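Numbering (the working numbering), first residue to last: 597 to 856. In what follows, a structure is listed as structure tokens, so that the remarks can point back to it.
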Amino acid sequence: MYIETRGTGPALVLVHGWAMHGGVFAPLVDALARVRTLHVVDLPGHGRSAQPGARLDLDDSASELLERIGPADWLGWSLGGLVALAAAGLAPERVRSLALFATNPRFVSSPEWEHGVPHEVFAQFGAELAQDYARTIDRFIALECIGSDCARNDMRTLQRQLYDHGIPSREALESGLHILDRCDMRGALSSLPMPALWLAGARDRLVPWQAMAWAAAQMRDARFVSIAGGGHAPFIGRPERVLAELLPFLDDETGEALAS
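Spelled out as structure tokens, the structure:
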């Protein structure tokens, strides 16, 4: 798994979402690198880890990152937030804090969970992926941007970045959709001891802000923030607003870590 390291200070792991790579965090990187040693990840099958046939496994990816990076704060976006939650469950003593952007602990809806995407939508994505790889990714990016008051800018940015560091493997995309379809982290939240920031785009059409507000309420030490006008990638259209929430959160955790 490719990891780009830059910056100075305590470690911060950045994990991207489905079909993208670590470069998606570009709007945040310069500011974060001034206060953190960043470990910007390209998940298996994505970006500079896009070897043919590579598949994505949640626990395997989390375990490898825990072993290679050690104690750190974690920031995950969408699918990357599930990787961060998996790491927190596997080794809570090595995950100092969680910043979770547009992350749903149960991405797909069910009779008892209304704050998700319908299962049939994921089934359709899987079928379309086998037939028209590029169009399926474009459709997913469009869904990520719908609702944002910066939708055109968000879409241009994501489309421009998509293939910057390689073409994601079909197997990684298929396994990523499987994770989003089947993963359910809701029951684990109450046992996680680390501080958490759940940051939503108020106009996100993929992850309703209500799901993240609910998730934050389940944890011992968590805060929910909604970015007005933000879509599924609020850090692209509203980086200053996101940093205004994220940097104080990280500063607080650094102070507690140093004091201990």
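Here a beta-carbon is modelled for each residue, glycine too, at the ideal position from N, C-alpha and C. Computed from a predicted model, the values in this text were never measured in an experiment.
In this structure the region 622-632 does not lie against the region 684-699, because fewer than three pairs of beta carbons, one per stretch, are closer than 8 Å.
The beta carbon of Ala-807 is closer than 6 Å to those of Asn-700 and His-711 in its chain, skipping five residues each way along the sequence.
By the C-beta density criterion, Gly-677 is buried, having at least 16 other C-beta atoms within 10 angstroms. For Arg-702, the three-state secondary structure derived from DSSP is coil. Within the same chain, Cβ atoms closer than 6 Å to the Cβ of Phe-697 are found at Trp-673 and Leu-795, the five residues on either side in sequence being excluded. With contacts defined as CB atoms closer than 8 Å, Gln-757 and Met-616 qualify as a contacting pair. Here the region 722-738 does not lie against the region 831-841, with fewer than 3 beta-carbon pairs under 8 Å apart.
Going by DSSP, Asp-669 is part of the beta strand (DSSP E) stretching over 668-673. In the structure shown, the three-state DSSP call for Ala-824 is coil. Annotation for Trp-794: the continuous beta strand (DSSP E) segment containing it runs 792-797. Excluding the 5 residues flanking it on each side, Val-636 has same chain C-beta neighbours closer than 6 Å at Glu-600, Leu-610 and Gly-618, in chain order.
Secondary structure note for Leu-694: its beta strand (DSSP E) is the uninterrupted segment 691-697. Distance from the CA atom of Leu-843 to the CA atom of Pro-606, rounded to whole angstroms, is 13 Å. By the beta-carbon neighbour count (other beta carbons within 10 angstroms, threshold 16), Ala-768 is buried.
For Ala-812, the closest of Leu-846, Leu-681 and Ile-763 by C-alpha to C-alpha distance is Leu-681. Of all alpha-carbon atoms in Val-620, Tyr-598, Arg-630 and Ser-822, the one lying nearest the alpha-carbon of Asp-847 is that of Arg-630. Judged by DSSP in its simplified three-state form, Gly-605 adopts coil rather than helix or strand. Judged by their CB atoms, Arg-644 and Asp-653 are not nearer to each other than the 8 Å cut-off.
Between Ala-798 and Gly-825, the C-beta gap is smaller than 8 Å, which places the two residues in contact. Going by DSSP, Val-717 is part of the alpha helix (DSSP H) stretching over 715-727. CA-CA distance, Gln-647 to Glu-770, rounds to 14 Å. For His-635, the beta-bridge partners assigned by DSSP are Thr-601 and Val-609.
In this structure, the straight-line span from the alpha carbon of Ala-784 to that of Arg-801 is close to 25 Å.
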